[in-house]
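In the numbering used here, the protein residues as written are -2 to 150.
All C-beta atoms, glycine included, are put in the ideal place defined by N, C-alpha and C.
Predicted model only: the values in this text are computed from it and were never measured.
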Amino acid sequence: MQSVLLDIQKEIKKTIVFITHDLDEALRLGDQIAILRDGEVIQQGTREDIVLRPADDYIESFVKEVNRGRVVQVGAIMRPLDAEHSLSGKATVSSDATLEHAIRSLAHAPDGDIVVVAPLGEPVGVVTFRDLANAMVTMPAQEGDAARAIALA
């Protein structure tokens, strides 16, 4: 049913407001997600904002069991390309690929890093195994991260 809803949304190109109590469903369907407590928005943002930078302890406990490898996209954690990175012969991964997909690709990358490409194929960043592993591990919210996440809402 979720796949059908996503297909319909792509076809009609309209915003859909979808209310659910299922976090996994929200993470799969939502471009923007708002988490409420007692009728008040606690944090609003992309799935990556919510999962990687929880605004407070409530949100952190809410998302601690989320499989980040299947939710977070590579574009959210990539490092920008710089002059040091040679692109020739490098493995590539799409910026909208999940961390799980990127780790599988990285297993076949001889240099230990992968070039991240935009949907049209142009190089936009790079990720390493360490970048992917760090993004998959639940870290306690940092004071600065909470302030930044709240400012986004």
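Counting C-beta neighbours from all protein chains within 10 Å, is the total for R127 16 or more, i.e. buried, or is it exposed?
exposed
Residue from L24, A104, R50, I56 with nearest C-alpha to V38
Out of L24, A104, R50, I56, I56 has the C-alpha closest to the C-alpha of V38.
Please confirm whether any heavy atom of the ligand FAD lies closer than 7 Å to the CB of E37.
This structure simply doesn't include the ligand FAD, nor any ligand for that matter.
When I9, H18, R25 are compared against M(-2), the one with the closest alpha-carbon:
R25
Could you give the DSSP three-state label for S92: helix, strand or coil?
coil
Rounded straight-line distance, which links the Cα of G86 to that of V48:
When only Cα atoms are considered, V48 and G86 end up about 33 Å apart.
Own chain, CB closer than 6 Å to I13, minus 5 neighbours either side, in chain order:
Q6
Distance, Cα to Cα, P120 vs D35?
44 Å
Between the C-alpha atoms of S58 and E97, what's the straight-line distance to the nearest angstrom?
22 Å
Let's test the definition: count the other Cβ atoms within 10 Å of the Cβ of P107 and tell me whether it reaches 16, buried, or not, exposed.
exposed
For R127, the three-state DSSP class (helix, strand or coil):
helix
Coarse secondary structure for E119, derived from DSSP in three states
In the structure shown, E119 adopts coil according to DSSP, grouped into three states.
Taking 8 Å as the threshold (C-beta atoms), are A88 and H105 in contact?
yes
Spatial neighbours of G66 within its chain, please: CB distance less than 8 Å, with the 5 preceding and 5 following residues excluded, ordered by chain position.
T95, L96, E97, I100, M133
With DSSP as the reference, please indicate the residues paired to Q40 in a beta bridge.
I32
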